[in-house]
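Report on the following structure.
2 protein chains.
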Amino acid sequence: MSLAESSITRFLAEHTLNRQFGEEEFSRLGAFVKLSLIDTTGVAVAARDEPLVQSLLNSHSANARNEGAALFGGGPKFDVMTAALINGSMAHALDYDDTLPWFQGHPSVVLWGAILPLAQNLGCTGKQAMEAYLVGLEVGCLLSQYMGNEHYAAGWHGTATIGRNAATAACCRLLSLTTEQTVNALGISGTNSAGFKTSFGTMCKPFHSGSAARGGVEAALMAQAGFTGSSEVFESKLGMKGLMAGVGSNSVGLAYLSHHPVEKLVFKYHAACHCTHAPIDIIMASSGTHGFRADDITDIKVHCSQISMDAAGNPDPKTGLDAKFSIAYAMSSALVKNDTGIANFTDDQVDDPDVRALMSRVSVDVDETLEGLRTTCAITLRSGETYTDTQDPNERTVPIDEQTAKLVGKFTSALKSLMTADQMQALREAIEGFDCLDNVNGFMAATELQ
Amino acid sequence: MSLAESSITRFLAEHTLNRQFGEEEFSRLGAFVKLSLIDTTGVAVAARDEPLVQSLLNSHSANARNEGAALFGGGPKFDVMTAALINGSMAHALDYDDTLPWFQGHPSVVLWGAILPLAQNLGCTGKQAMEAYLVGLEVGCLLSQYMGNEHYAAGWHGTATIGRNAATAACCRLLSLTTEQTVNALGISGTNSAGFKTSFGTMCKPFHSGSAARGGVEAALMAQAGFTGSSEVFESKLGMKGLMAGVGSNSVGLAYLSHHPVEKLVFKYHAACHCTHAPIDIIMASSGTHGFRADDITDIKVHCSQISMDAAGNPDPKTGLDAKFSIAYAMSSALVKNDTGIANFTDDQVDDPDVRALMSRVSVDVDETLEGLRTTCAITLRSGETYTDTQDPNERTVPIDEQTAKLVGKFTSALKSLMTADQMQALREAIEGFDCLDNVNGFMAATELQ
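Which chain is which? The protein sequence lines are A and B, in order. Residue 311 in the working numbering is what sits at position 311 of the first sequence, and the numbering runs on without skipping anything. Take the position in the second sequence, starting the count at 1, then add 1000; the result is the number in the working numbering.
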């Protein structure tokens, strides 16, 4: 069945419920699902004390309780919806989590944000949670393909919009809803899809992720309780495609999924907006090869896509969060500090004079021939030499063993000041055996900070 | 100051906090605020047992408690945000609540949905709640003017989108936030503005209202707790105006408010979508004047605007909720039953054979020269006579005394099977003295059903 043969909303609902994973397929894809869980858990727990998490805890304290769904890092428990909001926001707080171009955003923070609290509440097994993740990811990619990349390019934050409906699918799967209930759930989440890219650099970007996770849980629970929504929320002319810059394909279907989107997850090794990664990689590689330092540079000309400019064109960030969306800051601080980790993007780093000095010699312009994250940098030295390179962080494929080693290193680096080695080991073991867990409570307990 | 002299987001934040009401002005406008409260309370309490309210109570039962914010009609209490969600949805469940073209939607259900729970929680006086209502209404009208009517015409449900930000302003006012906090609150609610008109006829239309009310409370409380959002969420090219079909004015300001939007509230006396009101009024007036009955009619040709067609063009409603968005059903059932109240729009009425027989002779088409709710009907009888009339329910102005009498009648009709005469009297007195209340708890208690 292809999208053209059925209404997209019903098609996605049927895929949500009917998708089956053979043993071999689950084993292969499950390894990637665990990678997403290692990564999401590390960056979420590392963000436990971020101001935006504290702000959410304070503003939503009325729903804190002793029993209920746990947060990454422990602390008070919450009802499932509020836990999804806070976990989904926390996991995206550092903007250091995985992305997937096919999803037009950050899939894992939204999906795990929604799945883990609901799975705790329902007593689902680890394997059921992993299957819900895979189903949510596939539904998100299908919806993203249906909308087309113009949706994100226009200014919608796909993590919030695509993500909300993907989370809904994952939750409907966990709840074993009927097709009609799942259609209604997508109707509920579809009509509540929101999130502007103009929020990048503010706490609302992580809030988009948390709000999407909560929205997925809420839509599924409402539909289970008999709430109705449009059965054509995506394809109606007054629906998501008609209103939210959707110009994607109408005629594609499940064949697309034979590519297995989970195998295409892109993990971040710099703690900033993905649009800053090519410039960072170019300056670090060039410096490594040619041995220059910040003082040797007279100017850097960056050319990027309109998408990267919209997301990360900020020439003068005021806060650490803001700095994650500044190509000029990210590449300058990478070279000056020889580091691109979490500590580089804090409020007290953003005015570092050495970084500012190099930033003043960076220009960033749009080159209409560049798409997505592809970026060109020309670095000119006092000696007169110019080094030019073009990179696209989405084009690198890394073997899973190498990826695992890198992610364990990132996980350890993110958590080493917060957990003992034994705690980190126990948490890693809980993830490694996640598919065999009778329920996810023990996993959430293993994330607790003391 | 006009919108052109300041960024719209900051301008609206400043208006939210700085708007002052002199004694005489408050007395005059307050009379209209009380009309909105009579009307909202009546249609909300009458909807207490609607399936969609039960569904929300079930899906959100995790946050029910003995103490907290009360619902219209009583029952369990909730945290402020969940109470806003349920009250805001309940008040719009019957689609029988007031509208305001300047607001592009239904202002009172969203505003009271947000204000009453927060005012209970904060211990605000009735007068403070009424001022918050006026401020929220004004901010909604200013934002609506900034976006332009194209926003609604394109397919966005203004009650959800404009309404969310109006509710945010009302809540910021109740919380006495700073300007910076209010800018952040609008940044939070702006980027979460959502709601498609394709949801009309499903439970999601009332959910839009409740979700907007909750979103306003949440944004204000988050901003109070230090959460940040874009300071240009409305005017940024990647913000609300850029992404949500905003093509309205840039150069207008407070002069607009000298018209006092609260005085322009349009109250409904038929329990269906406002776009069905002109056809209902025409058929009832024509029947009254010319003495014909349903069987005498050979055909009815309705011509309406594209907006009315999108909202209420459904020729074959399946449920009572659906039937509220069907011009053919609404005008046919009005004539056949000689009634346009709540009882006409229930699931067991929707297939009435006499109504269906008349509906089969109704055609509804778009006339590009008609705008808004303006509608033409040509009713042709077996005798060969044709009666044609054009009406616009937004163009009628009714003196406040007459409006009050009509609203008290509607209130009494809606609640008479649910409350004793003494209870209704006590509730009306609580509304009449609302501006003198030390807090709103007693008012909410007076809405309780036994």
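Note that beta-carbon positions come from the ideal geometry of N, C-alpha and C, so glycine has one too. Computed from a predicted model, the values in this text were never measured in an experiment.
**OP:** Could you spell out where the alpha helix (DSSP H) holding L17(A) opens and where it closes?
**Re:** Against the first sequence, residue 17(A) aligns to sequence position 17. That run of the alpha helix (DSSP H) goes I8 to N18.
**OP:** Give the straight-line distance between the Cα atoms of M1001(B) and G1163(B), rounded to the nearest whole angstrom.
**Re:** Indexing the second sequence from 1 puts residue 1001(B) at position 1. Indexing the second sequence from 1 puts residue 1163(B) at position 163. Residue confidence for M1001(B) is low, a pLDDT of 46 falling below 50, so the modelled location carries little weight; the figure read from the coordinates is stated next. Straight-line measurement puts the Cα of G1163(B) at about 23 angstroms from the Cα of M1001(B).
**OP:** Would you mind sorting A1445(B) into buried or exposed? The rule is 16 or more other CB atoms within 10 Å of its CB.
**Re:** For the purposes of this step, residue 1445(B) is taken as residue 445 along the second sequence, with counting starting at 1. Exposed, because fewer than 16 other Cβ atoms sit within 10 Å of the Cβ of A1445(B).
**OP:** Give the straight-line distance between the Cα atoms of P399(A) and K268(A), rounded to the nearest whole angstrom.
**Re:** One-based indexing of the first sequence puts residue 399(A) at position 399. One-based indexing of the first sequence puts residue 268(A) at position 268. When only Cα atoms are considered, P399(A) and K268(A) end up about 15 angstroms apart.
Subject >> Proximity of V1336(B) and A1294(B) at Cβ, strictly below 7 angstroms >> reply: Walking along the second sequence from the start, residue 1336(B) turns up at place 336. Walking along the second sequence from the start, residue 1294(B) turns up at place 294. Yes.
Original post:
What do you get for G291(A), buried or exposed, if any count of 16 or more other CB atoms within 10 angstroms of its CB means buried?
Top reply: Numbered from 1 along the first sequence, position 291 holds the residue referred to as residue 291(A). Answer is exposed; the Cβ neighbour count stays below 16.
Subject >> Sequence-distant residues of the same chain with beta carbon closer than 6 angstroms to F1207(B), five excluded per side >> reply: Position 207 of the second sequence, counted from the first residue, corresponds to residue 1207(B). The residues are S1089.
Subject >> Test item: CB-CB of D296(A) and L243(A) under 7 angstroms >> reply: On the first sequence, residue 296(A) is found 296 positions in, with the first residue counted as 1. On the first sequence, residue 243(A) is found 243 positions in, with the first residue counted as 1. No, these two residues do not count as a Cβ contact at 7 angstroms.
Original post:
Cα separation between K264(A) and L100(A)?
Top reply: By 1-based counting over the first sequence, the position of residue 264(A) is 264. By 1-based counting over the first sequence, the position of residue 100(A) is 100. About 7 angstroms.
**OP:** Report the neighbours of P51(A) on chain B: residues whose CB is nearer than 7 angstroms to its CB, in chain order.
**Re:** Along the first sequence, read from residue 1 onward, the residue named residue 51(A) stands at position 51. Result: G1226.
Original post:
What are the residues that DSSP puts in a beta bridge with L177(A)?
Top reply: By 1-based counting over the first sequence, the position of residue 177(A) is 177. Under DSSP, no beta-bridge partner is assigned to L177(A).
Subject >> Own chain, CB closer than 6 angstroms to T388(A), minus 5 neighbours either side, in chain order >> reply: Taking the first residue of the first sequence as 1, we reach residue 388(A) at position 388. Apart from the 5 residues on each side of it in sequence, T388(A) sits with its Cβ closer than 6 angstroms to the Cβ of A378 in its chain, given in chain order.
Original post:
Is there contact here, the segment 118–138 of chain A with the segment 1005–1016 of chain B, by at least three beta-carbon pairs under 8 angstroms?
Top reply: No, the segment 118–138 of chain A is not in contact with the segment 1005–1016 of chain B.
Subject >> Nearest residue (CA-CA) to S1150(B), options L1175(B), W1102(B), A1166(B) and A1069(B) >> reply: For the purposes of this step, residue 1150(B) is taken as residue 150 along the second sequence, with counting starting at 1. Per the sequence shown, the amino acid found at residue 1150(B) is Glu instead of Ser. Nearest C-alpha to E1150(B): W1102(B).
Subject >> Contact set between S1059(B) and chain A, taken where Cβ atoms lie within less than 8 angstroms >> reply: Taking the first residue of the second sequence as 1, we reach residue 1059(B) at position 59. By Cβ distance, chain A contributes E218, L221, M222, Q224, A225 and F227.
Original post:
What are the boundary residues of the beta strand (DSSP E) that V109(A) is part of?
Top reply: To locate residue 109(A), count along the first sequence from 1; it is residue 109. V109(A) -> not in any beta strand (DSSP E); alpha helix (DSSP H) instead, spanning P107 to L122.
**OP:** Show which residues of chain B have a CB atom less than 7 angstroms away from the CB atom of N149(A).
**Re:** Your numbering for residue 149(A) matches position 149 in the first sequence. Neighbours of N149(A) on chain B: none; closest Cβ ~15 angstroms, over 7 angstroms.
Original post:
So, helix, strand or coil for T289(A), using DSSP?
Top reply: Stepping through the first sequence from its first residue, residue 289(A) is reached at position 289. Annotated three-state conformation of T289(A) is helix, per DSSP.
**OP:** Would you please verify whether the beta carbon of M90(A) is less than 7 angstroms from any beta carbon of chain B?
**Re:** For this step, residue 90(A) is matched to residue 90 along the first sequence. Closer than 7 angstroms: no.
Original post:
Contact check, I86(A) vs L57(A) under 8 angstroms by CB: the rounded distance?
Top reply: If you number the first sequence from 1, residue 86(A) lands on position 86. If you number the first sequence from 1, residue 57(A) lands on position 57. That pair is a contact at about 7 angstroms.
Original post:
Taking 7 angstroms as the CB-CB cut-off, is G466(A) touching chain B?
Top reply: Residue 466(A) lies beyond the residue range present for chain A, which begins at 1 and ends at 450; the question has no answer from this structure.
Original post:
By a C-beta neighbour count over all protein chains shown, 10 Å radius and 16 as the cutoff for buried, is V247(A) buried or exposed?
Top reply: Locating residue 247(A) in the first sequence gives position 247, where the first residue counts as 1. By the neighbour-count rule (16 or more Cβ atoms within 10 Å), V247(A) is not buried but exposed.
Subject >> Beta-carbon contacts of I280(A) that lie in its chain and below 7 angstroms, excluding the five residues immediately before and after >> reply: Residue mapping note: residue 280(A) aligns to position 280 of the first sequence, counting from 1. H270, A330, M331, A334 and T340, listed in sequence order.
Subject >> Within 7 angstroms, strictly: CB atoms of V43(A) and L94(A) >> reply: Taking the first sequence and counting its residues from 1, the one referred to as residue 43(A) is at position 43. Taking the first sequence and counting its residues from 1, the one referred to as residue 94(A) is at position 94. By the CB criterion at 7 angstroms, V43(A) and L94(A) fall inside the cutoff.
Original post:
Mind pulling the chain A residues with CB within less than 9 angstroms of A1154(B)?
Top reply: Within the second sequence, numbered from 1, the residue matching residue 1154(B) stands at position 154. Simply L238, G242 and L243.
Subject >> Within the segment 230–314 of chain A, ranges of the alpha helix (DSSP H) (whole runs, at least 4 residues) >> reply: With a minimum length of 4 residues, the continuous alpha helix (DSSP H) runs that stay inside the segment 230–314 of chain A are 240–243, 277–290 and 306–312.
Original post:
Can you list, in chain order, the residues of its chain whose CB lies under 7 angstroms from that of G442(A), leaving out five sequence neighbours each side?
Top reply: Here residue 442(A) refers to the residue found at position 442 when the first sequence is read from its first residue. Cβ neighbours of G442(A) within its own chain (closer than 7 angstroms, five residues either side excluded): A430.
Subject >> Entirely enclosed beta strand (DSSP E) segments - the segment 1355–1409 of chain B, minimum 3 residues >> reply: Taken in chain order, the unbroken stretches of beta strand (DSSP E) that lie wholly in the segment 1355–1409 of chain B and span 3 residues or more are 1362–1366, 1375–1381 and 1386–1391.
Original post:
So which residues of chain E does T340(A) contact, with C-beta pairs closer than 9 angstroms?
Top reply: Absent from the structure is chain E; the protein chains it does hold are A and B.
Subject >> Exposure label - A1285(B); buried when at least 16 CB within 10 Å >> reply: The count along the second sequence starts at 1 and reaches residue 1285(B) at position 285. An exposed status is given to A1285(B), since fewer than 16 other beta-carbon atoms sit within 10 Å of its beta-carbon.
**OP:** Find the residues of chain A that neighbour G1030(B), judging by a C-beta separation of less than 9 angstroms, and give them in chain order.
**Re:** Position 30 of the second sequence, counted from the first residue, corresponds to residue 1030(B). Chain order gives no chain A residues near G1030(B), where near means a beta carbon separation below 9 angstroms; the closest approach is about 31 angstroms.
Original post:
Along chain A, which residues have their Cβ under 8 angstroms away from the Cβ of G1187(B)?
Top reply: Taking the first residue of the second sequence as 1, we reach residue 1187(B) at position 187. In chain order: S199, T202 and C204.
**OP:** Could you tell me which chain A residues have their CB closer than 9 angstroms to the CB of S1413(B), listed as they occur along the chain?
**Re:** Numbered from 1 along the second sequence, position 413 holds the residue referred to as residue 1413(B). In chain order: nothing, as chain A lies at least about 27 angstroms away.
**OP:** Measure the C-alpha to C-alpha separation of W112(A) and F1011(B) and round it to an integer number of angstroms.
**Re:** Residue mapping note: residue 112(A) aligns to position 112 of the first sequence, counting from 1. Residue mapping note: residue 1011(B) aligns to position 11 of the second sequence, counting from 1. So the two alpha carbons sit approximately 39 angstroms from each other.
Original post:
The alpha helix (DSSP H) spanning A1212(B) covers which residue range?
Top reply: Translated into positions along the second sequence, residue 1212(B) becomes position 212. Annotation for A1212(B): the continuous alpha helix (DSSP H) segment containing it runs C1204 to Q1224.
**OP:** Using alpha carbons as the reference points, say which of F1032(B), G1148(B), L1017(B) and V1217(B) lies closest to D1401(B).
**Re:** As a working mapping, residue 1401(B) is identified with position 401 in the second sequence. Cα-wise, what sits closest to D1401(B) is F1032(B).
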